[in-house]
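> Structure in structure tokens, see below.
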Amino acid sequence: MWYSIKTVEKPSTLKEAVVSLKNIDTTLFSGGSYLVADKNPNIQSLIDINDLVGDGVIASIDGVHIDAGATLQTFLDIVYSINPECRLLKGIKLSCPSKQIRNQRTFGGEIGKGRPNSEVMLFLHAVNADLTVFTDTERSVSIRDWDGSGIVTKISYFPKRISGIELERFSLLESAPAIVIVSGVKRKNQFEFSVGGTTNKIQSFTCLIEDWSAEISKEFAGNAVKEFSADHLGSLDYKENLIATAVNRVGDAL
Amino acid sequence: MIQFQLNGKQVSANVRPGTTLLDFLRDKGYFSVKYGSDKGETGADTILVDGNMMNASLMLIHTVSGKNIETVESFAHGQDVHPLQDSFIEEGAIQCGYCTPGMVLAIESLAREKDNPNESDVKDVLAGVYCRCTGYVKPVKAAMNYLATGEPK
Amino acid sequence: MKIVGKKTRRVDGLSLAKGKAVFADDMPKKDYLYAKILHSPIAHGKIVSIDKSKALALDGIEIILTHEDFTPHYFTTAGQGYPEPSPRDTSMFNKTMRFVGDRVAVVAGESLEVVEEALALINVEYEELPTIFDMGDSIDNDTVIHPGKDGFSFLHDASRNIAANISEELGDVQKGFNDSDYVFEGTYFTPYAQQCSIEPHITLTWLDENDRLIIRTATQVPYHVRRVVAEILDIPVRKIRVIKPRIGGGFGGKQEILNEEVCSAVTLNTGKPCRLEYTREEEFYAARSRHPQKVTYKIGLNKDLMMQSIDMEILQNCGGYGPHALTVMSVSASKTLALYRAPNVRIQANAVYTNLPPAGAYRGYGAPQGYFALESLMDEIAEQLNVDPIELRKKNYFREGEDVPIAKVLGEGREGFPVILQSNGIDACIDRGRELIDWDTLKNEKKSGIFRRGVGMATVAQASGIAGIDMGSVFIKMNEDGSFNLNMGATDLGTGSDTALAQIAAEVLDVPVEKMIVISSDTDTTPFDTGAYASSTTYVTGAAVKKAAEDVLSQILEQGKKLLEVDEATIENNQVVSTDGQSISYQDICTKSFYTDHQTQIQAVASKVSYDSPPPYNATFADVIVDTETGFVKVNKIVSITDSGQIINPQMSEGQAEGAIPQSLGMTLTEHMIFDDKGRPINTDFENYHIYTSIDMPEIIAEFVHTDEPTGPYGAKAVAEIPINGPAPAVANAIYNACGVRIRECPITPEKVLNGINQLPIK
């Protein structure tokens, strides 16, 4: 029971939703798996936008378009079934090992939560997904540049623009959230890496393919580790090494 | 007033908006759906929603409007036992039994969804149903026996 | 044998598979008061004042109880036999808080919502006291955690923060070392780990129509609950009935009087039914866990590899209170020192108070901690002497016919009983495990590359109940359809004991298991049993079942002879058959006995207390891969081979081992309750406390070798706990074999492994 909830609003347009959202005791409700797990007692009103955003996924070689209301499982059913060996897609599965939750968690909710130890987020950063965001009107913004404002309605990426994609994750168990996740793509003449895990934020690095070396991955790791903290999972030195190893493995695989 | 199908019957719920489906179901005596944790990890609260496995504790009541909910109570009527449940008993896959209804629903959803699922498919759907007794060895066997033949071995 | 040793479907399988209302909370809604505990936010401090006025003013709040409402009555929450060998250092509500999560108050009201609101409105003023979080700092610290409790029952030395102490020596250990050709020593650590039963602690209480207190609770120890609640609340035992329905896993966590007395106090004070359920978060910091232990072994051997002296030292963190403090250490010592023979043995152990959560009983009960140390050191010795670790072990095992002197010295808080080994299948366990893990190939193959594979093994023992203490009793009566009621206090915590015990009765009575109607664990309707712990149920209660069933069987025979009017007869296929060929069925015997001829109820009671506690043995083998760039360890395969004497139910026994293995792997590699610098728990959910799930599991092979234990029912020894002892040292040994790094501290995190790799002279 989420005691503090007094109302669930179902606005008829996104515009209405945006207006309602301005109340501080109000939040957007999509799949609900994060919100209902947390049961934040300061929230009194939910803006359920499930009827306003689609829940489909269209995947073709020209582009992948994911409605914000699509669940992680819907995406996997469509994309994972095409390429089950892809480590990156397997990583997405492990972003949420519970299939029950994958059936409930939406892309919109995942992006809204924006947790840096989400393989889904690392994937979207790697492919540099475009978000369609509604504030007053609709606009398109790269996920790497999005400031968190507005309502995400659609996510698109274009496989053609990248020629390779990889992911490495280090976690105590497959089912455990990763300490370090590194995703990487090959785009034109460069490698683009994103680093996440138990960290404050996802960070991205690029380098020309011809400049790629173990030294560069060490340099990336040295910068990336600044957003990590020492904890029971490891010291900063150790985490720096993990990041470097992950970047290296992703780079080598690319 | 929220209306939905529950184990084949139309039901209506007139409850507060913050009510989870777990609260509602246990209140109505559907005790196969259980509390294990607050974030859905244990999956003791597993149910099927339009055939898909979900966590009842993470669903607010308004989201099930018009949906078709199934719990293990619908699986075996009277003296009958569903072949999947029978396979769990036959294979020794039940120890304390707290997670068993969740496991049964997980395997059943897999059986309906996929032809010839393999062991890693079974482990995938059980990843969200924690069991601290069996080490998953016998539940996976029970599932595979059922999935291969529709019957316990 | 027709039934013992054969696959038998669980007697409770159908109801569990169907999700029937069999657990404590599965009750049609009464007008419960919902109760919740207000936990201490500070690790150490005195309650100066409690203002509950605002909370009480809330509509729907029925009662709030705190230490102000009771005169202190000191007891232990440990669910043990009387007198409990744990320090009586706590009361229902204490005035001093000793860990974050300690109990300040209970609030009960009409709904959980109003109760939670009330919790936030109770204003408690604390006078904070200095804290101790490191167990190494506890003894003789200026801060005394239980001041003024010197002389309390089973509390060793309150003023020095020592909850319990063991100091025993057999022979002359120092002389043994002096006479040894080699002496080796190692110190090992195991952390706080949580039982994580999927069903949390839950208790429901109400008054029945005769105003008796009914306690329906998820417990492993219904009779101890009844005794302790009666004592704390000062009501007669006859006014209490404890019912244990099915329980959703225990693993020792429910061998505790955790909330039953609080829930009962609410009901007694209000006259109303009350329900108290822990959340998952509370399970992590306000329930019990495995005692962290630092164990040092020093072992002296001669050139012929025979041990001369074993010196064992334990420092154990028992947290803010001492439930099971003494006995867990005692088991760490008695179970490990019963494996290898040495003429000189010494044990020095201290359980110390800290301001962290009190630990308690957790499957293995000290033995996993002790064996992680002993079996790691055995491999280290073999490595340094360049001998085969299996040969080193085999030279030193106690063998059949030998006396195990440590058992007599280390009882459960009192002197134990002598043990003469009558069955020991350890060699067969090792031989089978060695084959299944492909030991000889994998151990000796050259290790190279980034991902290195290694194998390791460990051999372990446990016991079968607590000699001279555990007692089980049963009542069997016959029905006119040839079925039997089997009523017993024994507590099935998911292990399947109801089924195994029914098998024993059915075997004796020569009927199918379906003819046994099992009722267990209800203090009104079933006879006494100490409860489900110490791997006792099959061995101890099983013997009681056999005795009672044999009594019933001889009554059936006698009654059959009377009815047939013959002097000689035997029992065959549910009938009494005379030598001259007449026969009478069980049904007819019972029906006539009820209604027409020689009228009587065929029935028997029996009790069993065993002064033997034969050790089961186990060899565990691990196959692991180490990522030498990151230190991550992946377990490929665990082989666990156990000698539990005659197995009663093979399938359920395998299940015990298969479940124990991931629990041990968790403690070894991933599970670790951690606290911040104020003693506040950090990882109180499954996102941050990592237990093995289906996708994490290695391949598991669990098998049993056959031995025949003359003191056990049908030759049986215990199963439940022993498989949890081996995986930790086997994995540590396998990591060493893979990459040459020896980790002596669990959990073996990747960073520890990588640091080890980085320090190797040649990588």
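Each protein sequence line maps, in turn, to chains S, P and F. For the first sequence, the working numbering gives the first residue as 1, with consecutive numbering after it. For the second sequence, the working numbering gives the first residue as 1, with consecutive numbering after it. For the third sequence, the working numbering gives the first residue as 1, with consecutive numbering after it. In this text, a Cβ means the ideal position worked out from N, Cα and C, and glycines have one as well. Keep in mind the model is a prediction, meaning the values are calculated, not measured.
1) If we count Cβ pairs, one from each stretch, closer than 8 Å, do we get three or more for the region 358-371 of chain F versus the region 253-272 of chain F?
2) I'd like to confirm the pairing. Which residues does DSSP put opposite K9(P) in its beta bridges?
3) Buried or exposed: I641(F), going by 16 or more other Cβ atoms within 10 Å of its Cβ?
4) Tell me which same chain residues have a C-beta within less than 6 Å of the C-beta of N764(F), skipping the five on either side of it?
5) At the 8 Å Cβ level, is A111(P) part of the contact set with chain S, yes or no?
6) Output, in sequence order along the chain, the residues in the region 10-31 of chain F whose CB is closer than 9 Å to any CB in chain P.
7) Is there a Cβ from chain F that is less than 8 Å from the Cβ of P97(S)?
8) With a threshold of 8 Å between beta carbons, is S694(F) in contact with chain P?
9) Could you tell me which uninterrupted alpha helix (DSSP H) segments, each at least 4 residues in length, are contained entirely in the region 3-71 of chain F, listed from first to last along the chain?
10) Against chain P, which members of the region 676-687 of chain F pass a CB distance test of less than 8 Å?
11) Below 8 Å on the Cβ atoms is my guess for F75(F) versus E231(F); work out the distance and round it to an integer in Å.
12) Look at I648(F) and A407(F) and say whether their C-beta atoms are less than 8 Å apart.
13) Locate the beta strand (DSSP E) running through V577(F), then write down its first and last residues.
14) If we cut at 8 Å on Cβ distances, does F632(F) have a partner in chain S?
15) For F251(F), which residues in chain P fall below 8 Å Cβ to Cβ?
16) Using the C-alpha atoms, what's the distance from G465(F) back to K153(P)?
17) DSSP has R275(F) in a bridge; who is on the other side?
18) How many angstroms separate the CA atom of I47(S) from the CA atom of A76(P)?
19) Could you compute how far the alpha carbon of C274(F) sits from the alpha carbon of V120(S)?
20) Over the uninterrupted alpha helix (DSSP H) stretch that includes V250(S), give me the two end residues.
21) Any idea what DSSP makes of Y714(F), helix, strand or coil?
22) Are the CB atoms of I122(F) and I50(F) nearer to each other than 8 Å?
23) Identify, in the order they occur along the chain, each residue of the same chain with its Cβ nearer than 6 Å to the Cβ of F220(S), setting aside the five sequence neighbours on each side.
24) Measuring straight from C-alpha to C-alpha, what distance separates T296(F) and P727(F)?
25) Can you round the beta-carbon distance between P83(F) and S153(F) to whole angstroms, since I take them to be within the 8 Å contact cut?
26) In its own chain, which residues sit with a C-beta less than 7 Å from the C-beta of R432(F), not counting the 5 before and 5 after it?
27) Nearest to L385(F) by CA position, among T8(F), D427(F), M135(F) and K303(F), is which residue?
28) Return helix, strand or coil for I221(F), following the three-state DSSP convention.
29) If we cut at 8 Å on Cβ distances, does L46(S) have a partner in chain F?
30) With 8 Å as the threshold, decide whether the Cβ of G32(S) is near any Cβ in chain P.
31) Between which two residues does the beta strand (DSSP E) containing H65(S) stretch?
32) Do you know how far the Cα of A21(F) is from the Cα of Y285(F)?
33) Which residues in the same chain have their Cβ closer than 6 Å to the Cβ of Q575(F), if we skip the five residues on either side of it in sequence?
34) Exposed or buried, P681(F), counting other C-beta atoms within 10 Å across all chains shown (16 or more means buried)?
35) What number of angstroms, rounded off, separates the C-alpha of P147(F) from the C-alpha of I2(P)?
This is what the structure gives:
1) yes
2) Residue 9(P) sits at position 9 when you count from the first residue of the second sequence. According to DSSP, which records beta bridges pairwise, K9(P) is partnered with L6(P).
3) Indexing the third sequence from 1 puts residue 641(F) at position 641. So I641(F) ends up on the buried side.
4) With chain F represented from 1 up to 763, any question about residue 764(F) goes unanswered, as that position is not in the structure.
5) In the second sequence, residue 111(P) corresponds to position 111, counting from 1. No, A111(P) does not count as interfacial toward chain S.
6) R10, D12, G13, L14, S15, L16, A17, K18, G19, K20, A21, V22, F23, D25, D26, M27, P28 and K29
7) By 1-based counting over the first sequence, the position of residue 97(S) is 97. Judged by the 8 Å Cβ criterion, P97(S) is in contact with chain F.
8) Taking the first residue of the third sequence as 1, we reach residue 694(F) at position 694. With 8 Å as the cut-off, S694(F) counts as an interface residue toward chain P.
9) 13-17 and 53-57
10) D685, F686 and E687
11) On the third sequence, residue 75(F) is found 75 positions in, with the first residue counted as 1. On the third sequence, residue 231(F) is found 231 positions in, with the first residue counted as 1. Rounded, the Cβ-Cβ distance is 7 Å, consistent with contact.
12) Here residue 648(F) refers to the residue found at position 648 of the third sequence. Here residue 407(F) refers to the residue found at position 407 of the third sequence. No, they are not a contact pair.
13) Here the question's residue 577(F) lines up with position 577 in the third sequence. Per DSSP, V577(F) belongs to the beta strand (DSSP E) from Q575 to S578.
14) In the third sequence, residue 632(F) corresponds to position 632, counting from 1. Answer yes: the Cβ-Cβ gap between F632(F) and chain S drops below 8 Å somewhere.
15) The residue given as residue 251(F) occupies position 251 in the third sequence. Those are R132, listed as they occur along chain P.
16) If you number the second sequence from 1, residue 153(P) lands on position 153. If you number the third sequence from 1, residue 465(F) lands on position 465. Unreliable positioning characterises K153(P) in this predicted model, as indicated by a pLDDT of 49, which lies under 50. The coordinate reading is nonetheless provided below. K153(P) and G465(F): Cα-Cα distance of roughly 36 Å.
17) Numbered from its first residue, the third sequence carries residue 275(F) at position 275. Partner(s): Y34(F) and L204(F).
18) Position 47 of the first sequence, counted from the start, is the residue given in the question as residue 47(S). Position 76 of the second sequence, counted from the start, is the residue given in the question as residue 76(P). So the two alpha carbons sit approximately 39 Å from each other.
19) Here residue 274(F) refers to the residue found at position 274 of the third sequence. Here residue 120(S) refers to the residue found at position 120 of the first sequence. One C-alpha to the other measures close to 44 Å.
20) As a working note, residue 250(S) is residue 250 in the first sequence. L236 to A253 is the extent of the alpha helix (DSSP H) around V250(S).
21) Translated into the one-based positions of the third sequence, residue 714(F) becomes position 714. Helix, per DSSP.
22) Numbered from 1 along the third sequence, position 122 holds the residue referred to as residue 122(F). Numbered from 1 along the third sequence, position 50 holds the residue referred to as residue 50(F). Contact: yes.
23) Residue 220(S) sits at position 220 when you count from the first residue of the first sequence. For F220(S), where only same-chain residues beyond five positions count, the Cβ hits under 6 Å are F205 and V247.
24) Counting from one through the third sequence, the residue named residue 296(F) turns up at place 296. Counting from one through the third sequence, the residue named residue 727(F) turns up at place 727. The straight-line gap from Cα to Cα measures roughly 19 Å.
25) Within the third sequence, the letter at position 83 stands for residue 83(F). Within the third sequence, the letter at position 153 stands for residue 153(F). Contact flag correct, Cβ pair sits at about 7 Å.
26) If you number the third sequence from 1, residue 432(F) lands on position 432. Excluding positions up to five away in sequence, the list reads I641, E703 and V705.
27) Counting from one through the third sequence, the residue named residue 385(F) turns up at place 385. Here the closest residue by C-alpha is K303(F).
28) Against the third sequence, residue 221(F) aligns to sequence position 221. A small correction: the amino acid at residue 221(F) is Val; Ile does not occupy that position in the sequence shown. The answer is coil: DSSP assigns V221(F) none of H, G, I, E or B.
29) The count along the first sequence starts at 1 and reaches residue 46(S) at position 46. Not one chain F Cβ lies under 8 Å of L46(S).
30) Counting from 1 along the first sequence, the entry for residue 32(S) is found at position 32. Closer than 8 Å to some Cβ of chain P, the Cβ of G32(S) qualifies, so yes.
31) The residue labelled residue 65(S) in the question sits at position 65 within the first sequence. Taken as a continuous stretch (DSSP letters only), the beta strand (DSSP E) holding H65(S) covers G63 to D67.
32) Start at 1 with the first residue of the third sequence, and residue 285(F) comes out as number 285. Start at 1 with the first residue of the third sequence, and residue 21(F) comes out as number 21. In a straight line, the C-alpha of Y285(F) is about 28 Å away from that of A21(F).
33) Numbered from 1 along the third sequence, position 575 holds the residue referred to as residue 575(F). If we look at Q575(F) and ignore the five residues flanking it on each side, its Cβ neighbours are S583 and S585.
34) Along the third sequence, one-based indexing puts residue 681(F) at 681. When all chains shown are included, P681(F) counts as buried.
35) Translated into the one-based positions of the third sequence, residue 147(F) becomes position 147. Translated into the one-based positions of the second sequence, residue 2(P) becomes position 2. Each residue's alpha carbon lies about 58 Å from the other.
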